[in-house]
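When the letters of the sequence shown are read in order and numbered with mature numbering (1 follows the signal peptide of the UniProt record, and there is no 0), they come out as residues -22 to -1, 1 to 492.
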Amino acid sequence: MKQKKRIPAELACVLTAGLLLAACGGSPQSDSSATEGPGSSTDAPADTRAEKVAIEVMRVGWNTTTQMPKEQDNFVKKTLDEKLNIDLKMTLTSSADEFIQKLNIRAAGSDLPDVILFNGRNEFQEYVKKNILLDLEPYKEKLKPAADAIGDNVYSRVEVNGKHYAISLNPQSNWNLFWIRKDWLDKLQLPVPETLDEVFEVAKAFTDQDPDGNNKKDTFGITGSLGTLVHLINLQHGVADALYIKDGKMVNGMFEPEMKEALAYTQKVLNSGVVDPEIASNKGDNAKDKAFQGKAGIIISDWTQIMKDNEVEKWKGANPDAEFLMLNKLQGPKANILAAMDKSSVSGIVAISRQAAQDETKLNRIFDLINYTASGEGSELVQFGQEGVHFTKENGKPVITDRSAEAAFTWVYQLAGRPEAEYLSTKFAKQIDYIQVSEQVEVLDTYNGFVVFPQNYNAADADRFKNEEMLKFQYGRTKLEQYDSFLEKLNTTFKYQIFQDSAMKQLQELGYAE
């Protein structure tokens, strides 16, 4: 396994948050349904440019869905509408699952949004197969400003069968790690855990030993999402539900012996009584609310959800003595890995529906929108807010003001991504230590993103079966002795072997596998 460190290891493994009050398918359409070639967003007749064009963008908004300002107060929408002569509608969902469910319904009714920002490569590839996304090859010159801002891999990272149906956004590395109540550790006179086993020993103490001192047994050890908990346990066993290199050879973690060991460990943890009983159904801010209100002593999350100003205010408001610390180093039973990143990782995949491309004026205005948010004043608007209100300039560099919290929602308009290092160092200067230390984690490189699903493999069905069965193993509802039978059914009934063979062949051709 290839592991990498983001910054020098001599930085502290743990930072105490209390010491820093931080701010931070529709019916496939024929080829003739789309415009035949690039329109012009700069040479269009004056009356065409004068026409206000409605554009709908759909993406996952996470908890921002409940934090968007009213339309009359939305300075980003107002600015974009005025600058580009558009009427921009952002359709946001609170989760990736909700996004796909709603998008599938829209596609079935031939009513796709104009611009779709996919989080996952699998879903994007499925929509490419439906033949309802626009091939961007004829329009690359029109998208050149955005492509130049993003970088060389803007198209290649999401290439499908040699074609380009989307632009890719550069990856962000906000790892989901264990955050622990330091004040609870101190009260129970417990050391900071250094191993995965010790994390769960602390979780048991937080469940049984009244860490909040209210003489009630009303706390539990760990909250978060089931997916992130399982992912961390897997990584600490040196395995992942992914394609990665082990001992110089490309492997699929589902078929490695460590996966059974990780499942046994997961069963033990989930049945120990120390985990949030709702961990499999937590949505939105549910888990965070439990941790902030003192119901759980450990939460799996990233620094943005714990250490931004508005988040610190929440948990300090609930308990002024609360302190959260982050574990960026941990030794597991088989490895010290805490994160995984695909070598072709992206933070988003921006596609345009072929339906939208039927209107050349709309298509040109979509290009204008993506390009405008990619650099210059447009990029600064969607990163930092309004100049003179939410940020100022010093020596040509943005500096945020005390009103920057009003611009917390602007990221949903980042349709061409953002320059990550500049963005974080500007917007979250107080949190820079947390950002740097979180990047010290050991990372497993994975390679799934390079693989295009073979035509006779239904990824959605296979993933659904795999996830449902793995859930049964995780909770011990299915005995581990049946794991090999599960893999056999996955390989045969759901044609996972076809995917594996194709994946290995593709990765060999790309030079990643022998």
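For each residue, glycine too, the CB sits at the ideal point set by N, CA and C.
Assigned exposure category for residue 154 - 16 Cβ within 10 Å defines buried:
Only buried fits residue 154, as 16 or more other CB atoms lie within 10 angstroms of its CB.
Outcome for residue 23 when other beta-carbon atoms lying within 10 angstroms are tallied against a minimum of 16:
Its pLDDT being 36, under 50, residue 23 is placed unreliably in this model, and the value from its coordinates should be taken loosely. By the neighbour-count rule (16 or more Cβ atoms within 10 Å), residue 23 is not buried but exposed.
Scan the stretch 90 to 169 and note each continuous alpha helix (DSSP H) run of 4 residues or more that stays entirely inside, going in chain order.
As far as the stretch 90 to 169 is concerned, its whole alpha helix (DSSP H) runs of at least 4 residues are 99 to 107, 122 to 128, 160 to 165.
On the DSSP bridge assignment, give the partners of residue 455 in chain order.
According to DSSP, residue 455 bridges with nothing at all.
Starting from the Cα of residue 251, find the closest Cα among 146, 60, 200, 42 and give me that residue.
The closest CA to that of residue 251, considering only 146, 60, 200, 42, is found on 200.
Determine the closest residue to residue 136 out of 261, 290, 327, with distance taken between C-alpha atoms.
Residue 327 is the option with its Cα nearest to residue 136.
Could you check the C-alpha separation between residue 166 and residue 298 for me, to the nearest Å?
Looking at the two C-alpha atoms, the distance is approximately 18 Å.
Output needed for residue 238: all residues of its chain with C-beta closer than 7 Å, excluding positions within five of it in sequence on either side, in chain order.
Closer than 7 Å at Cβ, skipping near neighbours: 458, 461.
CA-to-CA distance, residue 162 to residue 438, given in whole angstroms
Across the structure, residue 438 and residue 162 are spaced so that their CA atoms are roughly 43 Å apart.
Does any residue of chain B bring its CB to less than 8 Å from the CB of residue 385?
Among the protein chains of the structure shown there is no chain B, as only one such chain exists.
Roughly how many whole angstroms lie between the Cα atoms of residue 475 and residue 452?
Distance between the alpha carbons of residue 475 and residue 452 is about 23 Å.
Could you check where the beta strand (DSSP E) with residue 331 kicks off and where it finishes?
For residue 331, there is no enclosing beta strand (DSSP E), since its DSSP letter is neither H nor E.
What three-state label does DSSP hand residue 257 in the structure shown?
DSSP places residue 257 outside both helix and strand once states are collapsed to three, so it counts as coil.
Using only the alpha-carbon positions, how far apart do residue 331 and residue 351 sit?
Looking at the two C-alpha atoms, the distance is approximately 19 Å.
For residue 35, count neighbouring C-beta atoms within 10 Å of its own C-beta (all shown protein chains included) and say buried if the count is 16 or more, exposed if not.
Label assigned to residue 35: buried.
Name the two residues that bound the continuous alpha helix (DSSP H) containing residue 59.
Counting along the chain, the alpha helix (DSSP H) containing residue 59 begins and ends at 53 to 62.
So, is residue 370 buried or exposed, given that buried needs 16 or more other C-beta atoms within 10 angstroms?
Residue 370 is exposed by the Cβ-count criterion.
From what residue to what residue does the alpha helix (DSSP H) around residue 415 run?
Its alpha helix (DSSP H) spans residues 410 to 416.
Tell me the start and end of each unbroken alpha helix (DSSP H) in the stretch 251 to 323 that is at least 4 residues and wholly inside, in chain order.
Complete alpha helix (DSSP H) runs here, min 4: 264 to 270, 281 to 285, 287 to 296.
If you check the beta carbons only, do residue 210 and residue 305 fall under 8 Å apart?
Their beta carbons are not under 8 Å apart, which means residue 210 does not touch residue 305 by this criterion.
Excluding the five sequence neighbours on either side, which residues of its own chain have a C-beta within less than 7 Å of the C-beta of residue 262, listed in chain order?
Excluding sequence neighbours, residue 262 sits near 41, 72.
Inter-residue CB distance, residue 329 and residue 96 (contact presumed, cutoff 8 Å):
Taking 8 Å as the upper bound for CB-CB distance, residue 329 and residue 96 are in contact here, some 7 Å apart.
Residue 311 versus residue 176 - alpha carbon distance:
Distance between the alpha carbons of residue 311 and residue 176 is about 11 Å.
Host alpha helix (DSSP H) of residue 178 (start-end):
First-last of the alpha helix (DSSP H) with residue 178: 174 to 186.
Are the Cβ atoms of residue 363 and residue 385 separated by less than 8 Å?
Going by C-beta atoms, residue 363 is nearer than 8 Å to residue 385.
Between residue 63 and residue 31, is the Cβ-Cβ spacing less than 8 Å?
Going by C-beta atoms, residue 63 is nearer than 8 Å to residue 31.
On a Cα-Cα basis, can you pick out the residue from 387, 489, 429, 423 that is closest to residue 44?
Minimum Cα distance to residue 44 is reached at 387.
Quick one: residues in its chain with C-beta nearer than 6 Å to the C-beta of residue 212, no 5 flanking neighbours on either side, listed in chain order?
Answer for residue 212: 218, 240, listed in chain order.
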